[in-house]
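Residue numbers (the working numbering), protein chains in the order written: chain E, 10 to 346; chain Z, 10 to 346. Below is one structure, written out as C-alpha cells; comments come after it.
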DNA sequence: CACGCCTACCCAATCGATTGGGTAAGCGGT
DNA sequence: ACCGCTTACCCAATCGATTGGGTAGGCGTG
C-alpha cells in the first residue's frame, strides 16, 4: 500500500459532479478531447483538479481492462556484466520516454533459467520481451513465436528474428584490417562462447577478412572461451602452449577476456603492445584505464539498448521490424600500437 | 497481449462445474484447504486442471482487489556500476524466492531523478522501495516516510532508517590496521562523495583508527572525489601535488577510484606496491586481475542485496527492522604487500 | 416546423481475482 | 424428531479504469 491516500477517477468525478467516464476520456485520450470527449472548459477543470489532487491512474485497473501493462520484460545473461548493464540503461531511458517501464532479470545464460525467467515475465503480463541472452542453438525463441509472444533480441542476434546489435562482423573486420596493417601475420583469436552471435560474428568477421587479405589462421588459433577474465586467461594460456610459432597478436572478442589474456601474457614474460598486440571488444570504460591501455572496438551500447526498445514498440504496434546493426568503431591504444 | 490464450479462474471453474471463488481459495490459500475451503478431492481436481491448462493468475486483477503488487522497486545510482549491479543480483534472487519481483531504475545520483524515479515506481504501485542511492543530505527520505511509503536502504545508510550495508566503518578500520602494520606512517585517503555514507564511513573508520594508533592525517590528505576512475585519478594528482612529504600509501574508498589513482601514480613514475601502496574497496572482480593486483576490502555485495529484500519484506509484514551491517574482509594483494 | 446533426455528457458492462457472508446437505446426539 | 455443528460449497460485491452505446438539448437548414 505504497500509494496511501489514493485518488481515484471516481473521486475526481464526484468532486466535479461529472461522470468518471468523462474524466477518464479527458485524462486518457491524448488529443481526443477535441473530438467530442468534453468541452474545453470541463477538460481544463478536470486536468486542474487531477494535478491538484495528485491523481495517478492505477495501472492495475487500467491494465485489467485494456489487457496491456506498458511493461517490457528484459532478460540478460547478467546485469553485473558491464556491457549488458549499459545496454539496459539505454533501454530504461528509451522505454521511459515511450511511457513504458522495464523489468529485468538475469538468466546467467542458463537455458533453464531463461525459460523460468521468461515465464515469470509473462506471468507478470509484460507486453513484450527484449531478450539479451539469445542462444544460437536452443528452441526457446521458436516456442515464444509459437506462443505469439512479441519479442525482439538485443546484444545477440539470431537470424529470422528482429534484433538490435552491434555490427559484430564489421567489428571483427576492423580489427583484422588494423592488425594486418601493423604488419602482424601470425595471430590468434579468443573467440568467446560459440552459442553467442557476438562471439561467432566477431570471430567470423575477423577470420574472413584476414583470409581475404591473404593471411592464414590455422584451426587451433581460434580458441572458444568464456567471456570473463578467467576465460580469457585460460584461452591465452592455451594459445601460448599450442600455437607455434607463437602469435604476435591476439584478438579477444570481449574486453574482459582481453584483460585476462593480458595477465597470461605477462606471466609468460611477454610485454603487451611490444611482444604481443592485444585488441578487445566493447571499449568498456576500463579499457582506456589499464596500465597498458587496451585497443578495443567501441560498440554503441546505449544506442543498441535504445534501438531495441524502439523495435519492440514497433512490433507491439503491429509492424514487423527488420534487424538493426549499429556501427562500431575501432579505438587504437598502446596495446596494439 | 503476451499471455495469448489466457486461462482464467472462471474457465477452470466452468470446466469443473464449480464456482470461481472455490477455485480461487484452493489455488490461493497456501494451506487453507484443510480449513474448510474445499474437499481434498476437489482441491486435487482443481490443481490438476490448473496445471494442465497452464493457468497463471492475472496479477493485475489480483492486485486490483488486494491492493498489493508483490513488486519491489529498486533505485540505484547506476546499474552499470558493478557494485550496485551485484547487489541487485542478490535482490532479484531473494525477491524471487519470496514471490516478489523487482523493478530497477537508475537515478544517476541526481536528486531530481531520484524523485522522478520514486514517483514512477509509486505510480506502478510497488509494495515498497529499496533505495540504493540515499544521500546523507536531502529530504526525499523524510518525505517518503511522511507519505507512509515503506522503504529500506541498501548500500548506503542514513541513520534512523532501516538499511542493509557493508560495515564500512569496520572496512576502513581494517585498512588502517593493515597499512599501519606494514610500517606506513604517511598516508592519504581518496574519500569519495561526501553525500554517500559508504564514502563517509569508510573514511571515518580509517581516519579514526589511524589516529588512535598514533598516526597523523592532515586535512589535505583526505580528498573527496567522484567514484569512478577519472575521479580517482584527479584525486591522486591532487594528493601528489599538494601533500608534502608525499604519502607512501593511498586508501581509495572504491576500486575504480583506486584504479584511477594507480594510473596517476604510474604517470608520475611511481611503482604501485613498491613506492606507494594502494588499497581499494569492494573487491570487484577486476581487482585481482590487474597487472599489479589490487588489495581491496571485500564487501559481501550479494548478501547485502539479499538482506535488503528481507528487511523490506519484514517491513511490509509490519515489523520495524533494525539496520544490518555485514562484515567485510580485507584481501591483501601485491599493491600493498 | 420538422428533421438531422452536433456537442457534451451519462450509463453500465467489463476485465479477473478476492472475500465476507451465506446455505444446503449430512451427521451425531438426545 | 429436532437441534446444532461441520463440511463443502455458492453468491455477489468489490477493486479502478475503460469503452461501446446511448441521449438530451441546441442549432442549422430546407
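Cβ atoms here follow ideal geometry from the backbone N, Cα and C, with glycine treated the same way.
Asked                                                                                                                                                                                                      : Found
Please give me, in chain order, every unbroken run of the beta strand (DSSP E) with length at least 3 that falls completely inside the region 200-286 of chain Z.                                          : 231-233, 258-261
Is residue 244 of chain Z closer than 8 angstroms to residue 199 of chain Z when the C-beta atoms are compared?                                                                                            : yes
Less than 8 angstroms between the CB atoms is what I'm expecting for residue 85 of chain Z and residue 55 of chain Z, so what's the real figure, rounded?                                                  : Not confirmed; about 41 angstroms, so no contact.
From residue 191 of chain E to residue 185 of chain E, what distance separates their C-alpha atoms?                                                                                                        : 10 angstroms
Got a sec: which bits of the region 164-196 of chain E sit with their beta carbon under 8 angstroms from any beta carbon on chain Z, in order along the chain?                                             : none
Using only alpha-carbon positions, find the residue among Z:59, Z:99, Z:177, Z:318 that is nearest to residue 160 of chain Z.                                                                              : Z:318
With 7 angstroms as the limit, tell me which residues of the region 256-290 of chain Z have their beta carbon closer than that to any beta carbon of chain E; keep them in chain order.                    : 268, 269, 272, 275
With DSSP collapsed to three states, give me the class of residue 165 of chain Z.                                                                                                                          : coil
In three-state terms, what does DSSP make of residue 63 of chain E?                                                                                                                                        : coil
Under a Cβ-count criterion, where at least 16 other Cβ atoms within 10 Å of its own Cβ denotes burial, should residue 140 of chain E be classed as buried or exposed?                                      : buried
Residue 114 of chain Z bridges to which residues according to DSSP?                                                                                                                                        : Z:84
According to DSSP, simplified to helix, strand and coil, what is residue 345 of chain Z?                                                                                                                   : helix
What is the DSSP secondary structure of residue 106 of chain Z, counted as helix, strand or coil?                                                                                                          : helix
Note down, in chain order, all residues in the region 99-120 of chain E with a beta-carbon under 8 angstroms from any beta-carbon belonging to chain Z.                                                    : 101, 105, 110, 112, 113, 114, 115
Whose Cβ in chain E lies nearer than 9 angstroms to the Cβ of residue 73 of chain Z?                                                                                                                       : 67, 69, 70, 72, 73
List the residues of chain E whose Cβ lies closer than 8 angstroms to the Cβ of residue 345 of chain Z, in chain order.                                                                                    : In chain order: nothing, as chain E lies at least about 17 angstroms away.
Given that a residue counts as buried once 16 or more other Cβ atoms are within 10 Å of its Cβ, and exposed if not, what is residue 30 of chain Z?                                                         : exposed
Using a beta-carbon distance below 8 angstroms, is residue 97 of chain E in contact with chain Z?                                                                                                          : yes
Report all residues from its chain with a CB closer than 6 angstroms to the CB of residue 19 of chain E; omit the five preceding and five following residues, and keep chain order.                        : 29
Considering only C-alpha positions, which residue in the set Z:74, Z:67, Z:34, Z:208 is nearest to residue 17 of chain Z?                                                                                  : Z:67
Which bits of chain Z does residue 129 of chain E rub up against, with CB to CB less than 8 angstroms?                                                                                                     : 105, 110
Count the other C-beta atoms from every protein chain shown that fall within 10 angstroms of the C-beta of residue 235 of chain Z, then say buried if there are 16 or more, exposed otherwise.             : buried
If contact is defined by three or more beta carbon pairs under 8 angstroms, each pair taking one atom from either stretch, is the region 306-324 of chain E in contact with the region 247-254 of chain E? : no
Are residue 240 of chain Z and residue 267 of chain Z close, meaning C-beta to C-beta below 8 angstroms?                                                                                                   : no
With a threshold of 8 angstroms between beta-carbons, can residue 133 of chain Z be considered close to chain E, or not?                                                                                   : yes
Mapping the DSSP letters down to three states, classify residue 197 of chain Z as helix, strand or coil.                                                                                                   : strand
Rounded to whole angstroms, how far is the Cβ of residue 152 of chain E from the Cβ of residue 272 of chain Z, which I believe are closer than 8 angstroms?                                                : So it is not a contact: roughly 48 angstroms between Cβ atoms.
Mind pulling the chain Z residues with CB within less than 7 angstroms of residue 94 of chain E?                                                                                                           : 88, 89, 94
In the region 137-187 of chain Z, which residue ranges form an unbroken alpha helix (DSSP H) of at least 4 residues, counting only runs that do not cross its ends?                                        : 149-155
State the beta-bridge partners of residue 338 of chain E as determined by DSSP.                                                                                                                            : E:307
Can you tell me the Cβ-Cβ gap for residue 331 of chain Z and residue 171 of chain Z, rounded? I've got them flagged as a contact below 8 angstroms.                                                        : 7 angstroms
Here's the rule: buried if 16 or more other CB atoms are within 10 angstroms of the residue's CB, otherwise exposed. What is residue 329 of chain E?                                                       : exposed
Let me see if you follow: with CB-CB separation under 8 angstroms, is residue 298 of chain E close to chain Z or not?                                                                                      : yes
Please list, in chain order, all residues of the same chain as residue 104 of chain Z whose beta carbon is under 7 angstroms from its beta carbon, the five residues on each side excluded.                : 81, 110, 111, 318
Let me check understanding here. Comparing Cα to Cα, which of E:194, E:37, E:57 lies closest to residue 24 of chain E?                                                                                     : E:57
Chain E partners of residue 7 of chain Z, CB-CB under 8 angstroms?                                                                                                                                         : Nothing in the structure corresponds to residue 7 of chain Z, since chain Z is present only between 10 and 346.
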